[in-house]
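Residue numbers (my numbering), protein chains in the order written: chain D, 3 to 161; chain R, 796 to 1169; chain U, 0 to 163; chain P, 77 to 443. Positions of the beta carbon are idealized from the N, C-alpha and C atoms, including for glycine. Just below is one structure, and these are the notes that go with it.
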Amino acid sequence: MTNEGVRYFKNIREAILTTAKGMKITLKYWVKEPAITIEYPDRLGKGRTAEDLVSERYRGFLKLDPSKCIGCLQCMRACPIDCILIKVEKIGEERYLTRFDVDQSKCMYCGLCVEVCPTGAITFSKRFEGACYDIGELCIKHLQEPVSVARPKAKKKEE
Amino acid sequence: MAHFLTEEMILNMGPHHPSTHGVLRFILQTDGEMMRRAVPDIGFLHRGIEKIAELVPYQSFMPFTDRIDYLASACCNLGYAVTVERLAGIEIPEKADYLRIIAAELTRIGSHLIGLGALLLDLGAVTPFVHALRERETFNDLMEALCGARLTHNYVRIGGVSHDEPPSFREKTRKFIDHIENEFIDEFNELASFNTIFINRMVNVGVISPEQAIEHCLVGPNLRGSGVKYDVRKNDPYSIYDRLDFDVPVGHGKFGTLGDCYDRYWVRVEEVRESCRIIRQALDQMPESGAIRTKLTRAFKPPKGEIYVRTECPRGEMGFYLISDGGASPYRLKIRTGSFTSMAIISEVSQGVMVADLVAIIGSFDIVAPEVDR
Amino acid sequence: MKREDLIKLLLSKMGRSIVRIEEMPNNDIIMEIYTDDLVPIMVSMKKDEDLRFTTLMNQLGVDYGESFAVIYNLYSFDLDNKLTVKVYMDKDNPEVDSVEHIFRGVNWFERETYDLLGIRFKGHGNLERLLLPPDWEGHPLRKDYVYPEVYNGLELKRKTLLEE
Amino acid sequence: MHSLAGIIYDFLVARFGRSDLLDPLFGLAGYLIPCFVVLGVVSTISGLLTYFERKVSADIQNRIGPNRVGPYGIFQFVVDGIKLFLKEDIIPDAADKFLFRLAPYIVFSSTILAAIVIPFGGPFIIADLNIGLIFIIVVSSLVVVGFLMSGWASNNKWALLGGIRSAAQIISYEIPAAFSLLTVVLIAGTFSMQEIVMKQGPWPWNWFLFHNPFTFIAFFIFVISGLAEINRLPFDFPEAESELVSGYNTEYSGMRFGVFFLAEFANIFVSASIAAAVFLGGGNIGLDPYKSGIVYQLLMVLVFFAKVLTLCLVTIWVRWSLPRLRIDQMMSMCWKYFIPISFSCLGLTAVWLLIFNGNGIFWRISG
Chain D
3 MTNEGVRYFK NIREAILTTA KGMKITLKYW VKEPAITIEY PDRLGKGRTA
53 EDLVSERYRG FLKLDPSKCI GCLQCMRACP IDCILIKVEK IGEERYLTRF
103 DVDQSKCMYC GLCVEVCPTG AITFSKRFEG ACYDIGELCI KHLQEPVSVA
153 RPKAKKKEE
Chain R
796 MAHFLTEEMI LNMGPHHPST HGVLRFILQT DGEMMRRAVP DIGFLHRGIE
846 KIAELVPYQS FMPFTDRIDY LASACCNLGY AVTVERLAGI EIPEKADYLR
896 IIAAELTRIG SHLIGLGALL LDLGAVTPFV HALRERETFN DLMEALCGAR
946 LTHNYVRIGG VSHDEPPSFR EKTRKFIDHI ENEFIDEFNE LASFNTIFIN
996 RMVNVGVISP EQAIEHCLVG PNLRGSGVKY DVRKNDPYSI YDRLDFDVPV
1046 GHGKFGTLGD CYDRYWVRVE EVRESCRIIR QALDQMPESG AIRTKLTRAF
1096 KPPKGEIYVR TECPRGEMGF YLISDGGASP YRLKIRTGSF TSMAIISEVS
1146 QGVMVADLVA IIGSFDIVAP EVDR
Chain U
0 MKREDLIKLL LSKMGRSIVR IEEMPNNDII MEIYTDDLVP IMVSMKKDED
50 LRFTTLMNQL GVDYGESFAV IYNLYSFDLD NKLTVKVYMD KDNPEVDSVE
100 HIFRGVNWFE RETYDLLGIR FKGHGNLERL LLPPDWEGHP LRKDYVYPEV
150 YNGLELKRKT LLEE
Chain P
77 MHSLAGIIYD FLVARFGRSD LLDPLFGLAG YLIPCFVVLG VVSTISGLLT
127 YFERKVSADI QNRIGPNRVG PYGIFQFVVD GIKLFLKEDI IPDAADKFLF
177 RLAPYIVFSS TILAAIVIPF GGPFIIADLN IGLIFIIVVS SLVVVGFLMS
227 GWASNNKWAL LGGIRSAAQI ISYEIPAAFS LLTVVLIAGT FSMQEIVMKQ
277 GPWPWNWFLF HNPFTFIAFF IFVISGLAEI NRLPFDFPEA ESELVSGYNT
327 EYSGMRFGVF FLAEFANIFV SASIAAAVFL GGGNIGLDPY KSGIVYQLLM
377 VLVFFAKVLT LCLVTIWVRW SLPRLRIDQM MSMCWKYFIP ISFSCLGLTA
427 VWLLIFNGNG IFWRISG
């Protein structure tokens, strides 16, 4: 009986003590600790944009520098889900890039295409806001008109 | 005595229930609040990752391993990379090894933070969950600086890692693990783990004896919660875990019976501390500079063969059984995940508990639905 | 225990059932046995004092083209040994004995293998589809599986934006 | 006659003159006007409490909380109310339509009914019933009817479980709550709320809270059982969003859900005001509530609301600190701990009063 009785009061004491401890911590946060929320997107602070929030290596939308692209199609092959479509056509002597489309609605931002690019033509931008009304807008056509491919020869000699 | 006619109730819990992490479904057979049986119904997140593996090249499969268990993507990456490397006999640079371990253990911390927090959220305590997420935010920032993604890291590559450490990564990581180890866990314990209400909810609920746990192929923290001292990182070390000194926390019936929900919870809390220790050692030992990646041939093809490699993910052993026919993509890749077997044991553990206990049991197993379904 | 010793031990204990036994990468041993001997071998694996493979870590089915195989990964907590057991079966009638009554945790593994590869397990209590819906046709992990285009009136292939 | 209705009656008579025709109207107005005022005040306060709940939880969790509508987002609750009004009100096909529609109003009105006998400080009490405390205990159990009704009428198993849970919970916790209120009745010797307030004084040592150790315990038991009766977090079983989806109000949407929501926060206010009036001296500042000037009367109201607000904030604070119990633990807590303790508090207070001649612990300084 005494054991039971002792446990009865011990339970009450434990309950009060642990509850008080927990409430002390929440009180500390209530009174003292400041909020860490970032008020995205409209109150980021002066002159800050959404793209400043992310780090240097952030993997956002893909970006193409057509002047560097040598049309080697490695990124297209590396892509696990085939969201890049490149067409290279020969017009006369020159090779032209006629299409460079990236389907950002399918892209899973794995970075394999950026990794294999020998010239650094395809890179990640910091843009991450992809909300739009029509999913077709996410299929980004990087080239408006055919662009002649960069010559890889200079690079090859360096190597 | 009058005989009351009672009727059993069939309750459908999920797939859109607040406490079925992800998209799980249980068919509950209850007698009022008391539960007779809970039959799990899985497959809502089945994406056929094993089939995808047979279609894409070895390197290109890496992003898909992120999606096996999205809360611990670096650990899954590591497991797959180790499997392929062991089969193909690829040596990887020392620094890459350390970076991998740091990423994997940071992920383990991040994953456990969510696991612990979500369990508390299921039991009605919202504040500890938000506090855990606050800490996870730091982890997300660290990983973002390291590899550029916050959730699906895709950091590890076959033959190394994708990026070298960014500037001031070591200091930031040290600060983070110091904060977790010295301040956050203690506060979290005081706020939640040692609360009488929480203890009463968790002890003597969902008890799994060591024999039962082995019989049902439980792995990871759920097995260790039952008192079986088994950790792949210790028993079958991969990467550089054999160079690092850490303990394997096991459940010992801290407040109640051995193998109850509280033990599984407590093992996770302790594992966060151990991960902090591992990261600290890895940061100390990591070379200042060096190669981070072994170049593979463009069309990488491992030799013909079969291999089964086990790695330790936050939810337990993640095994990759890889069959290669010498082609560019795996012939067959079986991914054995921890949540799969934990999910299978639920119908046995949940006999005769209350509906509220089922929520605690699911939470204590730390089940992530995509890992069950793959 | 060293791998060579374990192979010798296994050969001496159950040599008659073993088709092939050899080393496997990652410090593992692969042992191919006759399909009919699966249950007695699994029982002795678990019960034998020298082997004590108390837990079944993984189970999978494979479509090898000309035949099916089921692979079991065993592990012994006490002796820290790993073993991979493999049984082959006929392609036309893939059927093997269930080991559910020996290792209870294999229940869902067998259901998954049945679901994805169509290998039937004799003596399994509840052999139903696990991951796929009950009215799904075919077994996706078979090499000759043709991906369906429509399921219950639902179009399964999403049109890519790239195809215009 | 010392009552708010009397004062209003006197004022109206003085303004419009006495006539046999208008006399019953004046008498009715004396009750109806305060009723509408209190309805408005309680609704506004419960709206404000939703704002406080969100703001306090945000502060505790390192977040910001509502901050867009009005200064510091204080008008958030108005916008929320408008949103709920505009939402589609869905009644499930299989529901019992009549009961489904009726339930929220029963819950809300039973909450508001208790406000009739709450002394808001000074003369501001709608009806100073001589059985005020009993009235509160009786009326607050009516909530159960509404909860059960909504749970049953929704024709949803989760909702039904929530309704049954609430019945079990509220009925059990009535007992310790009533017992702890009775300890005060023993000391005050009356059930009238206004008189209970008047028997206390402006200073803490005049309050019944510090009258003797047993009322001190009784206060905490009342506050905790109050939490259980109003379904706040350590005891929010009827809702239990992670177990029962949303409990009894799973199927409700639009303004019907809004009424439930409002009732929940009105409940917090009512429970806090009972505790403040009975244990913490209510709006007593040491002056006669009926004969002092209007400034002092308003000061009394201010004092009362300060105490109530503090208690409300504590209620919110508890919610964001603790996990939820399990239903059987909640029951055993009630029957094994609260009822015996509150009962012994009642008995020991009686003994105390006998031994110390009706004096409290601070009887020397409190005079």
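Cross-chain neighbours of residue i in chain U, by beta carbon under 8 Å
i, result
"Phe859(R)", "Chain U residues near Phe859(R): none, gap ~15 Å exceeds 8 Å."
"His958(R)", "By Cβ distance, chain U contributes nothing, its closest Cβ being about 28 Å from His958(R), past 8 Å."
"Arg1127(R)", "Leu59, Val61, Asp62 and Leu140"
Amino acids of chain R, ordered along the chain, whose beta-carbon sits closer than 8 Å to that of residue i
i, result
"Val56(D)", "Glu939"
"Phe120(U)", "Correct list: empty, because the minimum Cβ distance to chain R is about 15 Å."
"Leu87(D)", "Near Leu87(D) there are no residues of chain R at all, since even the closest Cβ is about 17 Å away, more than 8 Å."
Proximal residues of chain D, C-beta to C-beta of residue i below 7 Å
i, result
"Ala944(R)", "Arg61 and Tyr111"
Rounded Cβ spacing between residue i and residue j (contact assumed at less than 8 Å)
i, j, result
"Gly357(P)", "Val273(P)", "7 Å"
"Phe345(P)", "Val118(P)", "6 Å"
"Asp1168(R)", "Leu130(U)", "6 Å"
"Ile1003(R)", "Ile1140(R)", "7 Å"
"Gly359(P)", "Phe380(P)", "3 Å"
"Ile1009(R)", "Phe1050(R)", "No, Ile1009(R) and Phe1050(R) are not in contact; Cβ-Cβ is about 23 Å, not under 8 Å."
"Phe284(P)", "Ala253(P)", "That belief does not hold up - the Cβ atoms of Phe284(P) and Ala253(P) are roughly 15 Å apart, past 8 Å."
Per-residue contacts from residue i into chain P (C-beta, under 7 Å)
i, result
"Glu35(D)", "Asn138"
"Ala1151(R)", "Glu319, Arg402 and Ile403"
Under 8 Å from the C-beta of residue i: neighbouring residues of chain D
i, result
"Thr132(P)", "For the sequence presented, residue 132(P) should be read as Val rather than Thr. In chain order: Trp32."
Any C-beta of chain A under 8 Å from that of residue i
i, result
"Asp404(P)", "Of the chains in the structure shown, none is chain A; the protein chains are D, R, U and P."
Within chain R, partners of residue i - CB distance below 9 Å
i, result
"Ser329(P)", "Ordered by position in chain R, no residue passes the 9 Å Cβ test against Ser329(P), which lies about 16 Å from the chain."
"Ile93(D)", "Near Ile93(D) there are no residues of chain R at all, since even the closest Cβ is about 29 Å away, more than 9 Å."
"Ala80(D)", "Pro852, Gln854 and Ser855"
For residue i: DSSP bridge partner residues
i, result
"Glu74(U)", "Position check: residue 74(U) holds Tyr in this sequence, whereas Glu was assumed. Paired residues: Thr54(U) and Lys81(U)."
"Gln1076(R)", "Bridge partners of Gln1076(R): none, in fact."
"Gln824(R)", "Ile805(R) and Arg832(R)"
"Cys141(D)", "Asp105(D)"
"Glu154(U)", "Val149(U)"
"Cys1108(R)", "Gly1111(R)"
"Glu91(D)", "Tyr98(D)"
"Met331(P)", "For Met331(P), which the question treats as bridged, DSSP gives no partner whatsoever."
"Ser150(D)", "Tyr98(D)"
Chain-ordered neighbours of residue i on chain R, where CB pairs are closer than 7 Å
i, result
"Lys23(D)", "Glu985"
"Leu309(P)", "Gly919"
"Glu16(D)", "Thr991"
Interface residues of chain P facing residue i [CB-CB closer than 8 Å]
i, result
"Asn995(R)", "Leu401, Arg402 and Gln405"
"Thr28(D)", "Ile136, Trp393, Trp396 and Ser397"
"Met39(D)", "Checking the displayed sequence, the identity of residue 39(D) turns out to be Thr instead of Met. Ordered by position in chain P, the residues that pass the 8 Å Cβ test against Thr39(D) are Asn138, Arg139 and Ile140."
Cross-chain neighbours of residue i in chain U, by beta carbon under 9 Å
i, result
"Leu882(R)", "Pro24 and Asn25"
Could you pull out every unbroken beta strand (DSSP E) segment of at least 3 residues lying fully inside the segment 9 to 58 of chain U, listed in chain order? Given a length threshold of 3 residues, each whole run of the beta strand (DSSP E) inside the segment 9 to 58 of chain U is given here in chain order: 17 to 23 and 27 to 32.
Taking only beta carbons into account, state which residues of the segment 961 to 989 of chain R come closer than 8 Å to chain D, listed in chain order. From the segment 961 to 989 of chain R, only Pro961, Glu982, Glu985, Leu986, Ala987 and Phe989 have a Cβ closer than 8 Å to chain D.
Against chain D: residues of the segment 388 to 400 of chain P by CB proximity under 8 Å: Per Cβ criterion, the list reads Trp393, Val394, Trp396, Ser397 and Leu398.
Which residues, taken in chain order from the segment 914 to 926 of chain R, show a beta carbon closer than 7 Å to some beta carbon of chain D? Taking 7 Å as the Cβ-Cβ cut-off against chain D, the residues of the segment 914 to 926 of chain R that qualify are Thr922.
Give me the subset of the segment 110 to 144 of chain D whose CB atoms are less than 8 Å from a CB atom of chain R, sorted by chain position. Hits within the stretch, in order: Met110, Tyr111, Cys112, Gly113, Leu114, Glu117 and Phe126.
Any chance you could list the alpha helix (DSSP H) runs of at least 4 consecutive residues sitting entirely within the segment 234 to 300 of chain P, in chain order? Segments of the alpha helix (DSSP H) lying fully in the segment 234 to 300 of chain P: 269 to 275.
What are the residues in the segment 221 to 235 of chain P lying within 7 Å of chain R by C-beta distance? Here the close residues are Lys233.
Could you run through the segment 893 to 914 of chain R and flag, in chain order, every residue whose CB is less than 7 Å away from some CB of chain U? Within the segment 893 to 914 of chain R, no residue has a Cβ lying closer than 7 Å to any Cβ of chain U.
Relative to chain P, which residues along the segment 1138 to 1150 of chain R have a C-beta separation below 7 Å, given in chain order? Those residues of the segment 1138 to 1150 of chain R that come within reach of chain P (Cβ to Cβ, closer than 7 Å) are Met1149 and Val1150.
Give the residues from the segment 799 to 814 of chain R that approach chain P closer than 7 Å (Cβ to any Cβ), ordered along the chain. Met804, Leu806, His812, Pro813 and Ser814: these are the residues of the segment 799 to 814 of chain R whose beta carbon lies less than 7 Å from some beta carbon of chain P, given in chain order.
Interface residues of the segment 89 to 106 of chain U facing chain R [CB-CB below 8 Å]: Flagged, chain order: Phe102, Arg103, Gly104, Val105 and Asn106.
Which ranges does the alpha helix (DSSP H) cover as unbroken runs of at least 4 residues, wholly within the segment 377 to 420 of chain P, from first to last along the chain? Runs of the alpha helix (DSSP H) lying entirely within the segment 377 to 420 of chain P and spanning at least 4 residues, in chain order: 403 to 408.
3 or more residues per run - each beta strand (DSSP E) lying fully within the segment 1091 to 1150 of chain R: The segment 1091 to 1150 of chain R contains, as complete beta strand (DSSP E) runs of 3+ residues, the segments 1100 to 1108, 1111 to 1119 and 1127 to 1131 (chain order).
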